[in-house]
Amino acid sequence: MATKQQVTEGDEEPLSPFAQLFSLPGLDVFNIVTIGCKTESDPSTVIEGLKNTLTNHPRFSSILVTGHGEHKGKAKWIPTKVNVEEHVIVPDIDPNIENPDEFLEDYTSNMALSPMDMSKPLWEFHILKLKTSHAESVAVARFHHSLGDGMSLMSLLLACTRKVCDPEALPTFVAPKKGKAKNACWSVVAWFWFIVRLVFHTCVEVTKAIVFICVAKDTPTSLMGKPGVTLSINKFIHRIIRLDDVKKVKNAMNMTMNDVLLGMVQAGLSKYLNQRYGDLETTSKARKTLDKMCLHGVVFFNLRPNRDIEDLANMMAKGSKCRWGNSLGYVLIPLQMKPEGDILEYVREAKITMERKKNSLEPLFSSVLLKLTMEVFGLTALKNLIKRVFGSTTMIFSNVVGPAEEISFFGHHISYISASTFGIPQALVISIQSYVDKLMINLAVDLDVIPDPHHLCDLVIEALDMMNSAAAAP
Numbered sequence: 095m096a097t098k099q100q101v102t103e104g105d106e107e108p109l110s111p112f113a114q115l116f117s118l119p120g121l122d123v124f125n126i127v128t129i130g131c132k133t134e135s136d137p138s139t140v141i142e143g144l145k146n147t148l149t150n151h152p153r154f155s156s157i158l159v160t161g162h163g164e165h166k167g168k169a170k171w172i173p174t175k176v177n178v179e180e181h182v183i184v185p186d187i188d189p190n191i192e193n194p195d196e197f198l199e200d201y202t203s204n205m206a207l208s209p210m211d212m213s214k215p216l217w218e219f220h221i222l223k224l225k226t227s228h229a230e231s232v233a234v235a236r237f238h239h240s241l242g243d244g245m246s247l248m249s250l251l252l253a254c255t256r257k258v259c260d261p262e263a264l265p266t267f268v269a270p271k272k273g274k275a276k277n278a279c280w281s282v283v284a285w286f287w288f289i290v291r292l293v294f295h296t297c298v299e300v301t302k303a304i305v306f307i308c309v310a311k312d313t314p315t316s317l318m319g320k321p322g323v324t325l326s327i328n329k330f331i332h333r334i335i336r337l338d339d340v341k342k343v344k345n346a347m348n349m350t351m352n353d354v355l356l357g358m359v360q361a362g363l364s365k366y367l368n369q370r371y372g373d374l375e376t377t378s379k380a381r382k383t384l385d386k387m388c389l390h391g392v393v394f395f396n397l398r399p400n401r402d403i404e405d406l407a408n409m410m411a412k413g414s415k416c417r418w419g420n421s422l423g424y425v426l427i428p429l430q431m432k433p434e435g436d437i438l439e440y441v442r443e444a445k446i447t448m449e450r451k452k453n454s455l456e457p458l459f460s461s462v463l464l465k466l467t468m469e470v471f472g473l474t475a476l477k478n479l480i481k482r483v484f485g486s487t488t489m490i491f492s493n494v495v496g497p498a499e500e501i502s503f504f505g506h507h508i509s510y511i512s513a514s515t516f517g518i519p520q521a522l523v524i525s526i527q528s529y530v531d532k533l534m535i536n537l538a539v540d541l542d543v544i545p546d547p548h549h550l551c552d553l554v555i556e557a558l559d560m561m562n563s564a565a566a567a568p
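In the working numbering, the protein residues as written are 95 to 568.
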């Protein structure tokens, strides 16, 4: 992680547009990462490891000056000396606590909502000597989103880890898949057809996005806050399931993992609304209510040319096409909430929707729209645009691929990695993170809107079980 040379002592660096977006007053966005370990925690080892890795990164050794208040108009990163001990918290926890899993949820929720000292680099690690159902100890990290997006932070995390089978080796990074060689004639036809599809889908999807932002809004449901209510994530939960359960549906239907996960989430949400509005199989009024609902989700896209996790050194290298930071856009996807006789229809619909989005420039359009709004109309207009987009939609969905092999975090064998986001004006954020043979489903909710997040999560997992049974049926 020899990256400190890029920002010399005393140098200042301006904030990127997305860094300014994620640090707007009243819109501070943070990432929460929970790392479960198979061994008891050793805080001194973690502190020493962070001194030799994380603090060498310029973003993690700089103070964020937002350009508001007394620093108006001077948004920038200012390098500073980092005292790692101030960023590592080891709370005193009763080892005989009655319900450690519930304690972890409450601790993570309270930690996320507590204010962060802006006079220091915006990151912290909480080392919990807490034995849970899936770990012997836990580390909970909080990073300001201006430091980087999910792909950047995952690359940074992996740079702080080593293979369990080889303690001196960094995790292996997945190489980009190369397309099969084609003859010249077929390549021209394929290229022409790709351009036609790209132009068509871009025109359609961008037009729909503009219309939605300007005049439309999701149907008010029990998944959204009441009009005018300030939404605030105040509860984080996560559940761990087997990755093979998703792969079975994926292979049986010849879909992608993301198609199955998005279909699974929509099926779970549909079942949840079904129960909140009554049994749709017997209540015709409730059925009509659900049929008329128009709901959307916000899905984030990685805009880097390489969609796989990059080696940190490559991301920080000058001239790299897969740069460190926030390189993302979003798309608006219609959510299928109608009761389906065939639960696999949710996966098929998810595939059709995502294929249209992938074959359009809507993610790039959304990214450019945010940047232009800030540059032309200012930060206030940008903040209003963000509230309009996320305040008019039902949920946020993200899916990040994690390591495919066992790794250790400064000598601590990792059992699972769970990540989520808060600070965006949304009542429901669903983040999915894979690690080896496990899949972490993370829900961040506003309890005033969704008072039973565990039940909602159970319904999402139940939907996957039903998909497995349906996919295996002759």
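A virtual CB, placed ideally from N, CA and C, is assigned to each residue, including glycine.
task: With distances taken Cα to Cα, identify the nearest neighbour of F62 among K465, F237, K445 and L247.
output: Residue 62 cannot be examined here, being either before or after the span of the chain that is shown, 95 to 568.
task: Quick one: using the 10 Å Cβ neighbour count with 16 as the cut-off for buried, is G357 buried or exposed?
output: buried
query: Exposed or buried, which one is V470 when buried takes at least 16 other CB atoms within 10 Å?
result: exposed
- request: Report the partner residues of Q527 according to the DSSP bridge assignment.
  value: V494 and M534
message: Please identify the residue among L464, N348 and K452 whose C-alpha is closest to the C-alpha of E299.
response: K452
- request: Run the CB neighbour count on C279, radius 10 Å, all protein chains shown included, and call it buried at 16 or more, exposed below.
  value: exposed
Pairwise C-alpha distance: K175 and A310: 48 Å
field: Inter-residue Cα distance where the pair is N345 and L522
entry: 29 Å
- prompt: If you drop the 5 nearest sequence neighbours on each side, which residues of the same chain put their C-beta closer than 7 Å to that of N177?
  reply: none
- request: Would you decide whether N604 is buried or exposed? Buried here means 16 or more other CB atoms lie within 10 Å of its CB.
  value: Examination of residue 604 is not possible in this model, given that the chain is present from 95 through 568 alone.
- prompt: Closest by CA to A303, which one among E449, T147, P428 and D542?
  reply: P428
- prompt: Between which two residues does the alpha helix (DSSP H) harbouring K175 extend?
  reply: Note, K175: premise wrong, no alpha helix (DSSP H); not H, not E.
For V127 and I511, believed in contact at Cβ under 8 Å, the rounded distance: 7 Å
query: Between T160, F154 and N146, which lies nearest to F112 when the distance is taken from Cα to Cα?
result: T160
message: Using the three-state DSSP reduction, which class does A229 fall into: helix, strand or coil?
response: coil
message: By the DSSP assignment, the alpha helix (DSSP H) with N328 in it spans what residues?
response: Counting along the chain, N328 falls outside any alpha helix (DSSP H), and DSSP gives it neither H nor E.
- prompt: W287: buried (16+ other C-beta within 10 angstroms of its C-beta) or exposed?
  reply: exposed
Cβ-based burial, V539 [other Cβ within 10 Å; buried from 16]: buried
task: Could you tell me if I289 is buried or exposed, where buried requires 16 or more neighbouring beta carbons within 10 angstroms of its beta carbon?
output: exposed
- request: Specify the secondary structure class of T301 as computed by DSSP and reduced to three states.
  value: helix
- request: Please list, in chain order, all residues of the same chain as S514 whose beta carbon is under 7 Å from its beta carbon, the five residues on each side excluded.
  value: I126, F330, V523, S525, N536 and A538
- prompt: Based on Cα-Cα distance, which residue from Q527, A565 and N368 lies nearest to R333?
  reply: Q527
query: What is the DSSP secondary structure of C58, reduced to helix, strand or coil?
result: Given that the chain is displayed from residue 95 to residue 568, the structure contains no residue 58 and the question cannot be resolved.
field: Neighbourhood of V354 by C-beta distance below 6 Å, restricted to the same chain and skipping five residues each side
entry: V340, V343, K344 and V441
task: Note down, in chain order, each residue of its chain lying with its Cβ closer than 7 Å to the Cβ of S563, except the 5 sequence neighbours on either side.
output: none
field: Pick from M318, S231, F116 and M212 that is closest to T488, judged by C-alpha positions
entry: M318
task: Could you pull the start and end residues of the beta strand (DSSP E) that F503 belongs to?
output: I501 to F503
task: Would you check if the distance between the CB atom of L222 and the CB atom of P185 is smaller than 8 Å?
output: yes
query: Which one of D312, I437, S492 and C254 has the shortest CA to CA distance from C388?
result: D312
- request: Decide if the segment 222-236 is in contact with the segment 133-143; the criterion is three or more beta carbon pairs, one per stretch, under 8 Å apart.
  value: yes
- prompt: Looking at C-alpha atoms only, which residue of T139, S421, I191 and S316 is the closest neighbour of Y371?
  reply: S316
query: Under a three-way DSSP split, which group does H549 fall into?
result: helix
- prompt: How is the alpha helix (DSSP H) around F197 delimited, first residue to last?
  reply: P194 to L207
message: Taking only three categories from DSSP, how would you classify E469?
response: helix
task: Thinking H576 and M210 are a contact (beta carbons under 8 Å), I'd like their distance in whole angstroms, please.
output: Coverage of the chain is limited to positions 95 through 568, which leaves residue 576 absent and any answer about it impossible.
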